[in-house]
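Chemist:
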Amino acid sequence: MAKHKTPLLDQLESGPWPSFVSDLKAQAERRAKNVEGVEFQIPVDAVEDLLGVLELSYKHGRTHWKHGGIVGVFGYGGGVIGRYCDQPTLFPGVQHFHTMRIAQPAGKYYKTDYLRALTKLWDFRGSGVTNMHGATGDIILLGTTTPQLEEIFHTLTHDMNQDLGGSGSNLRTPADCLGQSRCEYACYDTNALVYFLTNEYQDELHRPAFPYKFKFKLDGCPNCCVASIARSDMSFIGTWKDDIRIDQDAVNKYVECADGYPANAGAYKGSKDWGPFDIEKEVTGLCPTRCMQFKNKKLFIDNANCTRCMHCINVMPRALKIGKETGCSILVGAKAPILDGAQMGSLLVPFIEVNADNDYEAITEVIENVWDWWMEEGKNRERLGELIMRQGFQKLLEVTGIEAMPQHVQYPRTNPYIFWKEDEVEGGWERDVEEYRKHHLR
Amino acid sequence: MAFISTGYNPAKPMENRITDIGPRDHNEFYPPVIKKNKGKWSHHEILEPGVLVHVADSGDELYTVRVGGARLMSTGLINEICDIADKHCDGHVRFTTRNNIEFMVDSKDKVEPLKNDLAARKFDGGSFKFPIGGTGAGITNIVHTQGWLHCHTPATDASGTVKATMDELFADFQDMRLPAQLRVSMACCLNMCGAVHCSDIAILGYHRKPPMLDHEYLDKVCEIPLAVSSCPTAAIKPSKVKLANGTEVKSVEVKNERCMYCGNCYTMCPSMPLADTVGDGIVLMAGGKVSNRISDPKFSKVVVAFLPNEMPRWPSMTKAINQMVNAYSNGANKYERLGDWAERIGWEKFFEACELEFTHHLIDDFRQQAYMSWRQSTQFKF
Numbered sequence: 175m176a177k178h179k180t181p182l183l184d185q186l187e188s189g190p191w192p193s194f195v196s197d198l199k200a201q202a203e204r205r206a207k208n209v210e211g212v213e214f215q216i217p218v219d220a221v222e223d224l225l226g227v228l229e230l231s232y233k234h235g236r237t238h239w240k241h242g243g244i245v246g247v248f249g250y251g252g253g254v255i256g257r258y259c260d261q262p263t264l265f266p267g268v269q270h271f272h273t274m275r276i277a278q279p280a281g282k283y284y285k286t287d288y289l290r291a292l293t294k295l296w297d298f299r300g301s302g303v304t305n306m307h308g309a310t311g312d313i314i315l316l317g318t319t320t321p322q323l324e325e326i327f328h329t330l331t332h333d334m335n336q337d338l339g340g341s342g343s344n345l346r347t348p349a350d351c352l353g354q355s356r357c358e359y360a361c362y363d364t365n366a367l368v369y370f371l372t373n374e375y376q377d378e379l380h381r382p383a384f385p386y387k388f389k390f391k392l393d394g395c396p397n398c399c400v401a402s403i404a405r406s407d408m409s410f411i412g413t414w415k416d417d418i419r420i421d422q423d424a425v426n427k428y429v430e431c432a433d434g435y436p437a438n439a440g441a442y443k444g445s446k447d448w449g450p451f452d453i454e455k456e457v458t459g460l461c462p463t464r465c466m467q468f469k470n471k472k473l474f475i476d477n478a479n480c481t482r483c484m485h486c487i488n489v490m491p492r493a494l495k496i497g498k499e500t501g502c503s504i505l506v507g508a509k510a511p512i513l514d515g516a517q518m519g520s521l522l523v524p525f526i527e528v529n530a531d532n533d534y535e536a537i538t539e540v541i542e543n544v545w546d547w548w549m550e551e552g553k554n555r556e557r558l559g560e561l562i563m564r565q566g567f568q569k570l571l572e573v574t575g576i577e578a579m580p581q582h583v584q585y586p587r588t589n590p591y592i593f594w595k596e597d598e599v600e601g602g603w604e605r606d607v608e609e610y611r612k613h614h615l616r
Numbered sequence: 112m113a114f115i116s117t118g119y120n121p122a123k124p125m126e127n128r129i130t131d132i133g134p135r136d137h138n139e140f141y142p143p144v145i146k147k148n149k150g151k152w153s154h155h156e157i158l159e160p161g162v163l164v165h166v167a168d169s170g171d172e173l174y175t176v177r178v179g180g181a182r183l184m185s186t187g188l189i190n191e192i193c194d195i196a197d198k199h200c201d202g203h204v205r206f207t208t209r210n211n212i213e214f215m216v217d218s219k220d221k222v223e224p225l226k227n228d229l230a231a232r233k234f235d236g237g238s239f240k241f242p243i244g245g246t247g248a249g250i251t252n253i254v255h256t257q258g259w260l261h262c263h264t265p266a267t268d269a270s271g272t273v274k275a276t277m278d279e280l281f282a283d284f285q286d287m288r289l290p291a292q293l294r295v296s297m298a299c300c301l302n303m304c305g306a307v308h309c310s311d312i313a314i315l316g317y318h319r320k321p322p323m324l325d326h327e328y329l330d331k332v333c334e335i336p337l338a339v340s341s342c343p344t345a346a347i348k349p350s351k352v353k354l355a356n357g358t359e360v361k362s363v364e365v366k367n368e369r370c371m372y373c374g375n376c377y378t379m380c381p382s383m384p385l386a387d388t389v390g391d392g393i394v395l396m397a398g399g400k401v402s403n404r405i406s407d408p409k410f411s412k413v414v415v416a417f418l419p420n421e422m423p424r425w426p427s428m429t430k431a432i433n434q435m436v437n438a439y440s441n442g443a444n445k446y447e448r449l450g451d452w453a454e455r456i457g458w459e460k461f462f463e464a465c466e467l468e469f470t471h472h473l474i475d476d477f478r479q480q481a482y483m484s485w486r487q488s489t490q491f492k493f
């Protein structure tokens with residue numbers, strides 16, 4: 175028998191899509207029955223009360239959570255978000271219901287023994303409700319009380335070799351696509367780089383020293399499956415410098431609609447019939463730079479004019495492969511709209527080597543130059559993208575020691591209001607007005 | 112419920128403390144086929160909606176069955192995922208960026224039993240636990256935020272709007288009939304911790320009323336300077352207020368016309384709540400993308416300025432989303448993303464095709480970049 179009636183939420187149990195309401199109800203029941211005899215460290219009816227308070231929000235059209243109170247584990251300034259219910263008498267089980275962020279493994283690969291250890295810990299010391307995963311990438315544990323935080327942290331670090339993720343004005347837990355682990359498009363090992371960066375910058379991740387949040391996201395190729403270009407202050411997108419590798423036999427297999435060669439790796443094998451594959455209409459004709467031609471059963475690519483958009487490779491993955499000279503591009507400053515409007519990442523480094531053998535020194539140099547500038551100049555709550563807007567892209571190039579190149583812009587400036595620096599103008603700005611007046615009467 | 116200690120001693124927090132160890136090493140979690148063939152994959156193919164094969168240069172094959180899941184997930188359900196992974200996948204499983212779950216097996220004969228097992232599992236309420244799909248030219252899982260389940264500033268619920276939407280779009284989760292992939296995202300307030308600003312279709316919770324001021328308590332509960340500085344538009348300033356009983360208290364004043372309803376002040380100061388039953392609701396955005404494929408990544412545009420919160424299933428919202436998906440499906444060319452289609456036919460035709468009303472709220476008036484969105488041409492369609 176449910177503790178609270180939930181007539182509105184009950185209507186979210188029907189329909190085919192997995193119902194979070196059904197899941198929460200089942201969880202509430204499991205806690206009530208407690209077959210395994212868990213010595214619950216937070217109220218056994220926490221999930222009942224979670225459903226109750228959510229139902230109340232469905233009735234009121236308003237949230238019943240407050241923020242407030244700084245909670246965390248000793249020595250860290252992130253990883254825990256305080257959360258309290260504004261109807262504690264009605265829902266005592268969720269009166270204190272803090273969130274913990276747990277740093278996710280690269281590529282979000284798991285073994286079940288790890289996940290089971292985590293669920294056991296979370297049943298014991300928390301609500302047993304999670305997000306797999308939060309928007310930034312962490313495993314999110316939803317709902318525990320303040321005295322449990324250190325205990326959970328202790329078990330995570332001592333028994334599970336596992337640390338918390340970032341929150342607040344910190345480096346947020348970096349996130350990646352699965353990269354070369356399972357994808358033929360990946361131009362570098364995203365899993366290895368994200369693991370390295372996360373460990374290299376643990377201090378920045380746990381102890382707030384930044385003007386605001388900072389996100390790294392790593393995409394193995396320009397398809398950008400983790401949306402790094404839109405939502406990370408620094409995005410690492412795989413790319414290549416040499417030629418797309420062509421298997422002409424395989425190209426013709428696509429043209430002939432041979433078995434095992436479906437367009438776009440089978441992405442169109444649905445209920446709509448798009449007709450037979452047409453290489454001119456679907457590949458060469460859609461190439462954004464028109465740098466391809468299919469003639470006499472041969473595909474030509476003018477690689478010097480290719481912008482590596484991935485379309486042709488996506489459509490014919492068995493015939494076309496990324497180049498061999500691979501690395502990544504670094505784009506900076508992406509963020510959601512608040513405050514001055516959304517910003518897409520801007521290209522800072524067109525190509526950089528991703529070299530594990532020297533601890534990715536080329537990449538960490540760029541990161542640290544950018545951080546030095548942002549930490550020095552950034553105002554409170556100013557994202558990197560906003561600082562770049564305020565002080566200029568030229569300033570960013572200056573602090574990173576990167577030469578300006580046409581790849582940095584969509585088009586050159588449309589106003590001539592160039593702020594020349596004194597040392598850029600021959601002779602500087604100190605002049606002798608008396609000398610001038612000798613030739614120009616007052 | 113006696114407190115059970117791990118041995119942590121609050122008097123000596125540094126004793127035996129372990130810190131800064133980061134996440135677990137992914138190498139421990141890779142399935143053996145992945146470990147062996149990493150960086151040496153030849154190609155992949157989507158065999159049917161939700162089922163992929165990756166083929167390595169070595170000839171090894173890895174079959175993946177992708178299933179949708181609510182990202183809000185109980186430990187009980189995670190344990191069930193572990194049971195399935197133990198039974199079929201030697202204890203390996205992964206999650207995708209879009210909250211899907213992927214079960215991987217190393218040979219074709221293991222696929223059908225896995226699929227049958229996944230498809231048969233249902234919640235007591237009748238919904239699928241592990242619906243197979245979310246690949247190719249279809250609709251995959253919605254990335255979203257916390258909403259009323261766990262956040263202090265949401266203007267709508269996240270899990271509920273997502274469930275209602277995915278129920279409506281479910282056929283396209285299990286099909287691949289669309290012109291290209293269509294990514295739906297959800298964020299429950301304008302802070303967008305879900306970063307929905309580059310999605311084909313974005314659901315956004317939005318407040319429309321400035322915060323209320325609980326003057327009597329404000330100075331007792333809040334640090335006034337923090338509340339003032341939390342405001343991104345500098346709409347808040349300190350003030351002195353006379354209460355009904357005549358006492359003068361320190362409080363704040365909000366310049367309502369400058370408020371953008373972000374709730375950052377409420378984060379700092381619980382005496383400034385802004386949630387409102389009729390003020391809060393949904394904004395719909397469309398036409399964004401993050402991929403560099405064919406065209407540049409682009410931002411989503413606001414296409415519906417406001418829809419009321421209609422619990423529990425938000426029918427006006429799902430109707431508008433359905434109209435967009437159908438118009439896109441009927442009108443776009445193969446490989447054309449929703450935003451590329453809208454740009455090709457012109458936004459005036461987009462509103463016509465989707466049967467959405469264009470209102471003055473959809474014309475940008477926020478700061479300088481607004482100008483970039485006005486029509487600076489005589490080229491338009493009647």
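Protein chains in written order, with my numbering: chain A, 175 to 616; chain B, 112 to 493.
Idealized CB from N, CA, C, for every residue including glycine.
(1) Would a C-beta distance cut-off of 8 Å place A/L289 and A/I411 closer than the cut-off?
(2) What are the residues of the segment 260-272 of chain B that lie near chain A, defined by any Cβ-Cβ distance shorter than 9 Å?
(3) Any idea if B/F284 is buried or exposed, counting beta-carbon neighbours within 10 angstroms, 16 or more meaning buried?
(4) Consult DSSP for A/Y359 and reduce its assignment to one of helix, strand or coil.
(5) With a threshold of 8 Å, are at least 3 pairs of Cβ atoms found where one atom belongs to the segment 394-413 of chain A and the other to the segment 424-440 of chain A?
(6) Whole angstroms are fine: how far does the CA of A/A536 sit from the CA of A/E527?
(7) Could you name the residues of chain B that A/K240 contacts, counting a contact when the two beta carbons are closer than 9 Å?
(8) Does any CB atom of chain B fall closer than 8 Å to the CB of A/Q341?
(9) Between which two residues does the beta strand (DSSP E) carrying A/E596 extend?
(10) Under a three-way DSSP split, which group does A/D350 fall into?
(11) Would you please verify whether the beta carbon of B/E156 is less than 8 Å from any beta carbon of chain A?
(12) Shorter than 8 Å from the beta carbon of A/D287 to some beta carbon of chain B?
(13) Given a cut-off of 8 Å, decide if B/T429 and B/T276 are closer than it, judged by their beta-carbon atoms.
(14) Answer yes if the segment 243-260 of chain B comes into contact with the segment 209-227 of chain B, meaning at least three C-beta pairs across the two stretches below 8 Å, and no otherwise.
(15) For the segment 489-538 of chain A, which segments carrying the beta strand (DSSP E) assignment without a break, of at least 3 residues, lie completely within its bounds, in sequence order?
(16) Quick one: which chain A residues come within Cβ less than 7 Å of B/F206?
(17) State yes or no: is the beta carbon of B/R478 nearer than 8 Å to at least one beta carbon in chain A?
(18) Identify the residues that DSSP records as bridge partners of A/C259: which are they?
(19) Which of the residues in the segment 549-567 of chain A, read from start to end, lie with their CB under 9 Å from any CB of chain B?
(20) For the beta strand (DSSP E) that A/F390 lies in, which residues bound it at each end?
(21) Taking 8 Å as the cut-off, decide whether the C-beta atoms of B/R404 and A/N532 are in contact.
(22) Beta-carbon separation of B/G457 and B/G399 under 8 Å?
(23) B/P242 touches chain A at which residues, Cβ-Cβ below 9 Å?
(24) When the Cα atoms are used, what is the spatial distance from A/A291 to A/Q278?
(25) If you draw a straight line from the C-alpha of A/D333 to the C-alpha of B/A113, how long is it?
(26) Would you mind giving the Cβ-Cβ distance between B/M287 and B/L324, rounded to the nearest angstrom? I have them listed as a contact below 8 Å.
(27) Reducing DSSP to helix, strand and coil, say where A/E325 ends up.
(28) Let's see if you can read the secondary structure: which residues bound the beta strand (DSSP E) around A/W414?
(29) Below 8 Å on the Cβ atoms is my guess for A/E222 versus A/K177; work out the distance and round it to an integer in Å.
(30) Mind listing which residues of the segment 509-520 of chain A have their C-beta closer than 9 Å to chain B's C-betas, in chain order?
(31) Using the three-state DSSP reduction, which class does B/K240 fall into: helix, strand or coil?
(32) For B/G133, go through chain A and note every residue whose CB falls closer than 7 Å to its CB, in chain order.
(33) Give me the subset of the segment 439-465 of chain A whose CB atoms are less than 7 Å from a CB atom of chain B, sorted by chain position.
(34) So for B/K146, helix, strand or coil by DSSP?
(35) Give the range of the alpha helix (DSSP H) segment to which B/V428 is assigned.
(36) Taking Cβ-Cβ distances shorter than 8 Å, what residues in chain A pair up with B/G202?
Modeler: Quick answer:
(1) no
(2) L260, H261, C262, H263, T264, P265, A266, T267, D268, S270 and G271
(3) buried
(4) coil
(5) no
(6) 7 Å
(7) H263, Y377, P381 and P384
(8) Sequence inspection shows Ser at residue 341 of chain A; the Gln mentioned does not correspond to that position. It does not; no Cβ of chain B falls within 8 Å.
(9) That residue, A/E596, is in no beta strand (DSSP E); it is neither H nor E in DSSP.
(10) strand
(11) yes
(12) yes
(13) yes
(14) yes
(15) 500-506 and 520-526
(16) K282, M306 and H307
(17) yes
(18) A/W239
(19) N554 and R555
(20) F390 to D393
(21) no
(22) no
(23) P190, W191 and P192
(24) 14 Å
(25) 22 Å
(26) Not quite, the Cβ-Cβ distance comes to about 52 Å (not below 8 Å), so this is no contact.
(27) helix
(28) M408 to W414
(29) 4 Å
(30) K509, A510, P511, I512, L513, D514, G515, A516, M518 and G519
(31) coil
(32) A277, D337, T372, N373 and Q376
(33) A439, G440, A441, Y442, K443, G444, S445, K446, W448, E456, L460 and P462
(34) helix
(35) For clarity, residue 428 of chain B is Met in the given sequence; the question names Val instead. Run containing B/M428: P426 to G442, per the alpha helix (DSSP H) assignment.
(36) K285, T286 and D287
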